[in-house]
Amino acid sequence: MKKPIKRHDALKPLSREHHHGLLLCWKIRQGFKFNVEPQRMKDYTQWFKINYLDPHFEAEEKFIFPVLGEEHDLIKRALAEHRRLKRLFNQDNEVEKALHQIEEELDLHIRFEERVLFNEIQKVATSGQLAEIEEHHEGIHFSDDNWKDQFWIS
Ligand SMILES: [Fe+2]
Ligand SMILES: [Fe+2]
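All residue numbers for the sequence shown refer to my numbering, where the first residue is 852 and numbers rise by one.
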């Protein structure tokens, strides 16, 4: 079995945010399982996007991606996926289809970053760059305990 690569401290806050992204995908799957009306899920994904996804993408684009540079194939892929995901989260027609796509594509994007991109970043980043990441991104504190409609709980 392949030994998992240890996540560098500087990237741990972003990895924790990924955990909440994967939970969002799980919540959407639960919603479909319980036949929740798509608009209720859409309200939640919209709130999640504004409070957690947008700042997460911003932090990655500002502090993480420059380590490899915009011309790097892995960064081109990551940026294209950010654009695509933002479009899906903002989509107001065919909401049900968009939710299915978010569930699938956000999950894949996070797994790509965790298994491929972040490993490459921590391999090539200088200690100065890692220190800078650590200094600028402490992580976004996540809580949806007070969200009005916990549709993922049956
Ligand atoms: Fe990302
Ligand atoms: Fe990410």
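All C-beta atoms, glycine included, are put in the ideal place defined by N, C-alpha and C.
What three-state label does DSSP hand Ser866 in the structure shown?
helix
Tell me whether Val887 sits in a helix, a strand or coil according to DSSP, three-state version.
coil
So His988 packs on Pro864, CB below 8 Å; how close in whole Å?
6 Å
Would you call His933 buried or exposed, if buried means 16 or more other Cβ atoms sit within 10 Å of its Cβ?
Counting the other Cβ atoms within 10 Å of the Cβ of His933 gives 16 or more, which makes it buried.
For Thr977 and Phe993, I'd like the C-alpha separation in whole angstroms.
29 Å
Can you list the alpha helix (DSSP H) stretches of 4 or more residues lying completely in the stretch 931-982, in chain order?
946-963, 969-975
Proximity below 8 Å, CB of Ile991 to CB of His907
Less than 8 Å separates the beta-carbon of Ile991 from that of His907.
Could you check if Val975 is buried or exposed, using at least 16 other CB atoms within 10 Å of its CB as the buried criterion?
exposed
Among the candidates Lys948, Ala931, Leu936, whose CA atom is the shortest distance from the CA of Ile901?
With respect to the C-alpha of Ile901, the residue from Lys948, Ala931, Leu936 having the closest C-alpha is Leu936.
Please confirm whether Ser1005 and Phe885 have their CB atoms less than 8 Å apart.
Yes, they are a contact pair.
Tell me whether Phe908, by its Cβ, gets closer than 7 Å to a heavy atom of ligand 1.
yes
Can you list, in chain order, the residues of its chain with a C-beta nearer than 8 Å to that of Phe914? Leave out the 5 residues immediately preceding and following it.
Glu983, Ile984, His987, His988
Start and end of the alpha helix (DSSP H) containing Glu909?
Run containing Glu909: 905-910, per the alpha helix (DSSP H) assignment.
If distances are taken between C-alpha atoms only, which option among Glu945, Ser866, Cys876, Thr896 comes closest to Glu956?
Ranked by Cα distance from Glu956, the first of Glu945, Ser866, Cys876, Thr896 is Cys876.
Using CA atoms only, rank isn't needed, just tell me which of Asp996, Asn997, Asn970 is closest to Arg858.
Ranked by Cα distance from Arg858, the first of Asp996, Asn997, Asn970 is Asn970.
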